[in-house]
Every structure is written in structure tokens, then in C-alpha cells.
Amino acid sequence: MARRYDTRTTIFSPEGRLYQVEYAMEAIGHAGTCLGILASDGIVLAAERRNTNKLLDEVFFSEKIYQLNADMVCSVAGITSDANVLTNELRLISQRYLLQYGESIPCEQLVSWLCDVKQAYTQYGGKRPFGVSLLYAGWDHQYGFQLYQSDPSGNYGGWKATCIGNNSAAAVSMLKQEYKEGETKIDDALALAIRVMSKTMDATKLTPDKLELATLTRHDNKTYIKVLPVAQVKTLIADHEKKEAAEAAKSKPTTAS
Amino acid sequence: MYANPNSIINPSLWPNGPAPGCFFKFPGTNVTSTSSNSGIITRTQSPVTTGTSILGLVFDGGVMLAGDMLGSYGSMAKFRSIERIVKVNNATVLGATGDIADFQHLKAIIEQKVIDEDCADDGFTLKPKALHTWLTRVLYNRRSKFDPLWNTFLVAGIEDGEPYLGCVDKIGTAFSDSKIATGYGAHIALPLMREALEKKPQMTKEEARALLISCLRVLFYRDCRALNKHQIATITKEGVTIENNIELDTNWEVANFVIGYE
Chain X
93 MARRYDTRTT
103 IFSPEGRLYQ
113 VEYAMEAIGH
123 AGTCLGILAS
133 DGIVLAAERR
143 NTNKLLDEVF
153 FSEKIYQLNA
163 DMVCSVAGIT
173 SDANVLTNEL
183 RLISQRYLLQ
193 YGESIPCEQL
203 VSWLCDVKQA
213 YTQYGGKRPF
223 GVSLLYAGWD
233 HQYGFQLYQS
243 DPSGNYGGWK
253 ATCIGNNSAA
263 AVSMLKQEYK
273 EGETKIDDAL
283 ALAIRVMSKT
293 MDATKLTPDK
303 LELATLTRHD
313 NKTYIKVLPV
323 AQVKTLIADH
333 EKKEAAEAAK
343 SKPTTAS
Chain L
2 MYANPNSIIN
12 PSLWPNGPAP
22 GCFFKFPGTN
32 VTSTSSNSGI
42 ITRTQSPVTT
52 GTSILGLVFD
62 GGVMLAGDML
72 GSYGSMAKFR
82 SIERIVKVNN
92 ATVLGATGDI
102 ADFQHLKAII
112 EQKVIDEDCA
122 DDGFTLKPKA
132 LHTWLTRVLY
142 NRRSKFDPLW
152 NTFLVAGIED
162 GEPYLGCVDK
172 IGTAFSDSKI
182 ATGYGAHIAL
192 PLMREALEKK
202 PQMTKEEARA
212 LLISCLRVLF
222 YRDCRALNKH
232 QIATITKEGV
242 TIENNIELDT
252 NWEVANFVIG
262 YE
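Chains as they are written, first to last, in my numbering: chain X, 93 to 349; chain L, 2 to 263.
This is the structure:
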């Protein structure tokens, strides 16, 4: 019944909704999960890798995590081709700023700039919105470590921990309970990320080829962005499983025979 | 960026659509097109109202800029209260040699930048090196279009707690140093500044001021487009102070020994 109003993004529905934007968010809800956690000494990004087909020729180092500039990294959830256009533009915006001012673009300014473009696609030109939500992790000298999330509407917010993609609502509520503000260091954040991802991902068992982990930290006045190698992810998963087993053994009372 | 493939593929299928991998150009968004296409336009000017030397010196704890307040209309000393040194924000000062109109044009743009920054209210303020970099890009791009802004700029300020002094000229050559002078100052004052700095690399504020004043005096004696009315700007961690209308004592007795001068 409301179909007539769906065909153009520039049109409101009778109930005052922008259906195309909502449909875009729907598309993202079916995409691989991404989560971000802010620690006191850095930021963790975790992403579910969906393309695990053995026939894939490994062209890209990372499927969902992209470095934007010297001090920022992002992960994407949604339509991959749309995401490529946006990450390319984010990189260009960063470089233009660097060329003009000789210093790194402040994190929020980059996010805000792209979100203004995303919003334009919901209001002008009869184009559809980008079916991508992004998590941005970055550092600047004014606000330190920051985590932002943006969606197809062009809205963005700063977060301490958040999740996008498949099962994101469950992940966010889990993070709400388990995230300890001010007491979380990078290693705690990594462990928490694995815990949350194992609950939200489709797979029954977490394996390193299905999970991408990245950290952003600062040492000696320089930002270090690291996509964790497979070996390290394996170790972290193993640690998690050990802890899970210990928890299970504790809660289950010893049964006879 | 890339040639729009939509013009090669059947244009009626996706008229004015975005090229793959590129963003759609929304109509009405400001497109800066000063001239049509790549037709070379030679609009190199000759400057009209000009300012002469600006001197810049780094001292222990800050930077100092000095220059006179004259806008010369060719050989006529027409405008005698021009401020060629201006404050940008609490950490940055800009001084200009060359065409005053071009300087004022850029000054307005920079002032608007400071206002926009204030409105954004995100804690970020323009730092001297960032202003220097931006100015370099603007000047270089203008010269590349054969339409230069006929100035040499000195950017001075405190960058991350350390004094910063940078220079850019009309063709986009940029550098930074602890002592810079533009115009005639580069030939007359800079050797004097270098000599003094070699003897004492870390001057006090008072020593730096005395050195700049002695240089300004020499420039007034020797530069025919100079005026005995100066500005001195001092930038330290505490902030920016600009003194205007400074007049120096001069001694023209030597004129009596010039044969033919009565």
C-alpha cells in the first residue's frame, strides 16, 4: 500500500518515513557483523568474514577492514561495492586535507564530511542511498581515541562500543552489559570482542579465517594500525574457548559417572 | 578524475549519471571553474599597491615579525597606515609583502576560515604550519594557472609549543627557518640577522626586538619604498601582541657629506 512512495529516496512516506533509507539498513542487517570497542589505550575492530570460499584467490589482505589514513581505520557492513566507493572517497578526503594543511584530518571531520555526502544521496538526485554502515576507529591530538558509526541515512554518532551488521542488536546489548568504561585495555577489548563475536556469528565454532581483528594504538607519537595475523587470532580464540570451558565446568555441578 | 565512461557508452542510457567508482555531482553544489577548460590563460599581473619587506625572527620562547606600514602606489607613498602584519588566531600571525589587494583578498578568506572553525566548535584551531601548507597550495595552484597572487608571505606562530616561522612566495616556493626576510629585507636585513644569530642563536625577546629595529632602520635608510612607521608582532606561548605605529629615530647627518645634496 505504501509501495507508491518507495520508488524515490527523495519522497517521504505518508507516515513520514524514508523507505529507501530503511531498506538500505535492512540490507546491512543481513551483512557480516562488525564490532568496535574503545579501550583506554586503543581501539579494537572485529569483523565477520563471509567470503571464506577456498577457491578465492587471496587478493585482499583484509575483506572488511580498511585503513583510511595514518590515524584512522574503518570496517564496513553492507553492500561491498558501495563500501568500496565510500572507502575510496574517505581516503581521498583524507589526502586532500593532508595536502592542504600538512596534517592529518581530525577524526570527526572526516566522518562528518562523508556523512554529508551520504545524506545528499537521500535527498537529491533520485539516487539510492549507499547500502553501507561504517565503523570508524581513529586517533587525533584533540580527543585521543575515538570510535564512530555511520549509516545510510548519513547520521553518525560517537561510541564506546558498538556493532553493525547481522545480529548487531544482540551484540550491542551484550556489549552494554559487559563493557567496562575506564577499565578496558586493548587485551580486555580483544577478549570481549571475541566473546561477543562468538555469540553473534552464524558459525557454531569460531575460526581465524572467519574473523578479522584489527587494533589501533599509539606508541612514541605514532599511530599503529595492525590487522592481526592468523596465528594471533587463533591464540585469542583458543584462550576464549579455554575460558568458556572453564566457566561451563564451574557452573555445572559434578555429576556422578 | 577519469574520463566519464558514460559518454563513451550509450549516453542516453544513463545521462548525467555518476561514473563507476565516482560520486554523483549533485547539481547546484559549488563548482569552482575560474576559466573554461585547459585553454591557457596568461593573466600574470603587475602589482598595483605594494608593501615592501617583512622581517621574521625566532627567539627563545617565540617568534617576532616586523614590517613597515606603507602601501606604495608605484613610487608614490600613497597609503601610510596599511597593516601588513595581521593576527590570525592566538597562535598564528601572517605578514605580507607585495600586492596589497591580493593580500587583503587572502586575508578575508583566512578570516572566514577562522570563523568557520569557531562555528564547528570542535576544539581544532588553525596551526601556523597548517596555514603555511594551505597557503603554499593556494599560491602554487594560482601560479600554475598563470594568475598568481603577487605576494610573499611570512607565517609565524607557535606550533606544538615550539616557535615556527615559514615563508611562501608567489610561485609557491615554501620553506621554514629561524630567520627570514622578504623583499629588500632579504638582501639588506637578512645578513645582519644571520650575523647576530650566529653570535647568539637563542636570543631573548628584547634582543630580538632590538635586532629587528636596527634592521628596520637600515631598511628605512636604504629602501626607497620604505616608511618610518612600523608594526612589530610578538608571538609566544602566552599569545599574540602586535604593536603598531612604531617610529624610529634616524640620523640623516651623513646626507651633508653627499656631494650635490643641499
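Positions of the beta carbon are idealized from the N, C-alpha and C atoms, including for glycine.
Computed from a predicted model, the values in this text were never measured in an experiment.
Buried or exposed by the 16-neighbour rule on C-beta atoms within 10 Å, applied to residue i
| i | result |
| --- | --- |
| Cys-120/L | exposed |
| Met-77/L | exposed |
| Ile-103/X | exposed |
| Lys-334/X | exposed |
| Leu-227/X | buried |
| Trp-253/L | exposed |
| Glu-200/X | buried |
| Pro-321/X | exposed |
| Ala-337/X | exposed |
| Leu-160/X | buried |
| His-332/X | buried |
| Lys-342/X | exposed |
| Ser-37/L | Since pLDDT at Ser-37/L reaches only 47, below the 50 mark, its modelled position is unreliable, and no value is offered. |
| Val-136/X | buried |
| Thr-35/L | Low local confidence applies: a pLDDT of 48 at Thr-35/L is under 50, so the model's placement there is unreliable, and no value is given. |
| Leu-249/L | exposed |
| Arg-143/L | buried |
| Asp-69/L | buried |
| Val-259/L | exposed |
| Phe-147/L | exposed |
| Phe-237/X | buried |
| Asn-258/X | buried |
| Cys-255/X | buried |
| Lys-201/L | exposed |
| Val-255/L | exposed |
Interface partners of residue i on chain L, CB under 8 Å
| i | result |
| --- | --- |
| Pro-221/X | Within chain L, no residue comes near Pro-221/X; the closest Cβ sits about 12 Å away, beyond 8 Å. |
| Pro-244/X | Within 8 Å Cβ-Cβ: nothing; Pro-244/X doesn't reach chain L, min ~15 Å. |
Residue i - containing beta strand (DSSP E), residue span
| i | result |
| --- | --- |
| Gly-121/X | No beta strand (DSSP E) contains Gly-121/X, which is instead part of the alpha helix (DSSP H) from 111–121. |
| Leu-212/L | Leu-212/L -> not in any beta strand (DSSP E); alpha helix (DSSP H) instead, spanning 206–223. |
| Asn-161/X | 157–161 |
| Gln-238/X | 236–242 |
| Val-259/L | Per DSSP, Val-259/L belongs to no beta strand (DSSP E) and is neither H nor E. |
| Leu-206/X | Here Leu-206/X belongs to no beta strand (DSSP E); instead the alpha helix (DSSP H) covers 199–215. |
| Glu-140/X | 134–140 |
| Ile-247/L | 240–247 |
| Ser-177/L | 175–177 |
| Asn-152/L | 152–160 |
| Glu-163/L | 163–169 |
| Gln-232/L | 231–237 |
| Ala-227/L | Run containing Ala-227/L: none; DSSP gives neither H nor E here. |
| Thr-315/X | 314–319 |
| Lys-180/L | 180–182 |
| Leu-130/X | 126–131 |
Contact set between residue i and chain L, taken where Cβ atoms lie within less than 7 Å
| i | result |
| --- | --- |
| Tyr-193/X | Ala-131, Thr-134, Trp-135 |
Span of the alpha helix (DSSP H), counted from its first residue to its last, around residue i
| i | result |
| --- | --- |
| Gly-186/L | 186–200 |
| Asn-142/L | 129–145 |
| Val-325/X | 322–343 |
| Leu-178/X | 172–193 |
Whole-angstrom C-beta distance between residue j and residue i, which should lie under 8 Å
| i | j | result |
| --- | --- | --- |
| Gly-223/X | Ile-286/X | About 28 Å; that fails the 8 Å criterion. |
| Leu-220/L | Ile-189/L | 6 Å |
| Asp-103/L | Trp-151/L | 5 Å |
| Ala-330/X | Lys-318/X | The pair is not a contact, with the Cβ atoms about 19 Å apart (cut-off 8 Å). |
| Val-156/L | Leu-95/L | 6 Å |
| Leu-166/L | Val-59/L | 5 Å |
| Pro-153/L | Thr-93/L | For the record, residue 153/L in the displayed sequence is Thr; it is not Pro. At roughly 17 Å, the Cβ-Cβ gap does not stay under 8 Å, so Thr-153/L and Thr-93/L are not in contact. |
| Ile-55/L | Arg-85/L | 7 Å |
| Ala-162/X | Ser-196/X | 6 Å |
| Tyr-240/X | Gly-246/X | Going by Cβ atoms, the distance from Tyr-240/X to Gly-246/X rounds to 13 Å, so no, they are not a contact pair. |
| Ala-227/L | Thr-53/L | 6 Å |
| Leu-308/X | Val-165/X | 6 Å |
| Leu-130/X | Ala-253/X | 6 Å |
| Lys-130/L | Gly-194/X | 6 Å |
Closer than 8 Å at the beta carbon, the chain X residues around residue i
| i | result |
| --- | --- |
| Asp-122/L | Within chain X, no residue comes near Asp-122/L; the closest Cβ sits about 11 Å away, beyond 8 Å. |
| Arg-138/L | Leu-191, Gln-192 |
Interface residues of chain X facing residue i [CB-CB closer than 7 Å]
| i | result |
| --- | --- |
| Phe-24/L | Glu-181, Val-209 |
| Phe-125/L | Pro-198, Gln-234 |
Chain-ordered chain L contacts of residue i [CB-CB under 9 Å]
| i | result |
| --- | --- |
| Gln-238/X | Chain L residues near Gln-238/X: none, gap ~11 Å exceeds 9 Å. |
Any non-hydrogen atom of the ligand ZN within 7 Å of residue i CB
| i | result |
| --- | --- |
| Lys-314/X | Among the components modelled here there is no ligand, and therefore nothing to report on the ligand ZN. |
What runs of the alpha helix (DSSP H), each 4 residues or longer, lie entirely inside the stretch 218–305 of chain X?
260–270, 278–292
Counting only runs that start and end within the stretch 31–104 of chain L, where is the beta strand (DSSP E) found for 3 or more residues in a row?
50–52, 55–60, 63–69, 72–74, 77–80, 86–90, 93–100
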